[in-house]
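Have a look at the structure below, then the notes.
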Amino acid sequence: MSIIPDNNDFKTEHNITRKNPVVKAESLDSDKNFENSIRPKSFEAYIGQSALKETLKITIEAAKKREQPLDHLLFYGPPGLGKTTLAGVIAEQMGVNIRITSAPALERPRDIIGILMSLKGGEILFIDEIHRLNKVAEEILYPAMEDFFLDMTTGKSQTVKTLRVPLPKFTLIGATTKAGELSGPLRDRFGIIHRLEFYTEDELAKVITRTAGILNIEITEEGARAIAKRSRGTPRIANRLVKRVSDFALVKHDGKITEKVANDSLDILKIDAFGLDTTDRSLLKLIIEKYDGGPVGVETIAAAIGEDVRTIEDVCEPYLLQAGLLQRTPRGRKVSPAAYRHLGITDRDINDQKSLWN
Ligand SMILES: Nc1ncnc2c1ncn2[C@@H]1O[C@H](COP(=O)(O)OP(=O)(O)OP(=O)(O)O)[C@@H](O)[C@H]1O
Ligand SMILES: [Mg+2]
């Protein structure tokens, strides 16, 4: 029996995932309204990230005592861990307004100039995906962040003049999933830089119970824990799963999410005990069965499973790395023994497979 699925298998599995991206940590258009309705607005409601929360509380307290705006802050970490949410909590705590934008919306110089000039004293400017800011926008930001003024040029060639326009003191909060792609000079202008961590099962169970409460969904402690286990350490996924499982509970049961209802529904959604979906499993299986466990280059993996490199790097890999199923080496990706165990692939299967090739 071959343990290597042929290409069609990969395709089928891949298509299922595409239609049903329920465990992808990236935000989907369909999430937007739902997410805004359940976003925590205070530190009390914001679950987990306790070390970061404590530091921030002190920083906020100090800024308030000095009657100064907060230092510029940069949050980085995988999608769906609560960067945008935290920026909102900070604004709430400071009692100031927050202006939300993202780097791709600041393409032309006048976009960033316009937004900076419209800020009022103490306000927070939140720039999402800040690693995608272009060079011109970055250079406009430097003096704005450092000394709160804009360098504007007027006139043409020989008559060109630089005008310094003062800005009110504001706080920039940047968020990125790719801290490594941020330019050095921009990174250096943030006073506080923090990484958001994946959530523990306990924390996710709390997120789930809280969301169920807001949505009037009945859930047991075990039910919440069962969903938490398969949420890839990510609140966004946990929240999405609560909604999906609740649909199953309503249609197939009496509406209440118990451990069994949660597990049965997640099985139907093809989300396994580690929260992996079919694309993740295809990726691991491919490395094990076609490349002897790796190392293998990410481009090769992408071509074989019909995904693009960015999706693999940004969506699949962060959690596979964190869960210890995959390793990054200078020569490419390698699976860990835990991945073999998780997929139920034994040495014997591998040897059988090798004898088939020889
Ligand atoms: N600490 C938390 N406690 C409770 N809910 C949370 C927490 N963090 C995030 N969430 C929930 O998860 C969802 C996603 O969070 P958020 O949009 O802040 O993630 P993000 O890190 O900004 O993601 P992206 O990188 O895609 O922008 C939100 O709807 C929010 O309700
Ligand atoms: Mg965000």
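With my numbering, letter number 334 in the sequence shown gets 542, and the count goes up by one each step, no holes. Positions of the beta carbon are idealized from the N, C-alpha and C atoms, including for glycine.
Query	Result
Where does Ala259 sit, in a helix, a strand or coil, going by DSSP?	helix
In whole angstroms, give me the CA-to-CA distance for Met209 and Arg549.	Because Met209 carries a pLDDT of 38, less than 50, the predicted location of this residue cannot be relied on, and the following value inherits that uncertainty. Between Met209 and Arg549, the C-alpha separation is close to 19 Å.
Going by beta-carbon coordinates alone, are Pro374 and Phe357 separated by less than 8 Å?	yes
Thinking C-alpha only, which one of Pro248, Pro229 and Leu236 is nearest Arg418?	Pro248
Relative to ligand 2, what is the chain-ordered list of residues with a Cβ closer than 6 Å to any of its non-hydrogen atoms?	Lys291, Thr292, Asp336 and Ala383
Compute the Euclidean distance between the alpha carbons of Lys227 and Asp455, then round it to the nearest angstrom.	With a pLDDT of only 41 at Lys227, under the threshold of 50, the placement of this residue in the model should not be trusted, and no figure is reported.
Are Ile495 and Val459 closer than 8 Å when you measure CB to CB?	no
Report whether the distance from the Cβ of Ile246 to the nearest heavy atom of ligand 1 is below 7 Å.	yes
Identify whether Asp355 lies in helix, strand or coil by the three-state DSSP scheme.	helix
By the three-class DSSP mapping on this structure, what secondary structure does Leu333 have?	strand
Excluding the 5 residues preceding and the 5 following Ile224 in the sequence, name in chain order all residues of the same chain whose CB lies nearer than 6 Å to its CB.	Low per-residue confidence applies at Ile224: pLDDT is 34, beneath 50, and the placement is therefore not dependable enough to give any value.
Is it true that the region 514-522 meets the region 466-485, where meeting means three or more beta-carbon pairs spaced less than 8 Å apart?	no
Suppose contacts are defined by Cβ-Cβ distances below 8 Å. Is Gly532 in contact with Val506 by that definition?	no
Per DSSP, Arg541 forms a beta bridge with which residues?	Val504 and Arg536
Tell me whether Ser235 counts as near ligand 1, meaning its Cβ is closer than 7 Å to at least one heavy atom of that ligand.	yes
Measure the C-alpha to C-alpha separation of Asp472 and Ala436 and round it to an integer number of angstroms.	14 Å
Below 7 Å, is the gap between the Cβ of Gly230 and the nearest heavy atom of ligand 1?	Per the sequence shown, residue 230 should be read as Val rather than Gly. No, the Cβ of Val230 stays beyond 7 Å of every heavy atom of ligand 1.
Less than 8 Å separating the beta-carbons of Leu282 and Arg395?	yes
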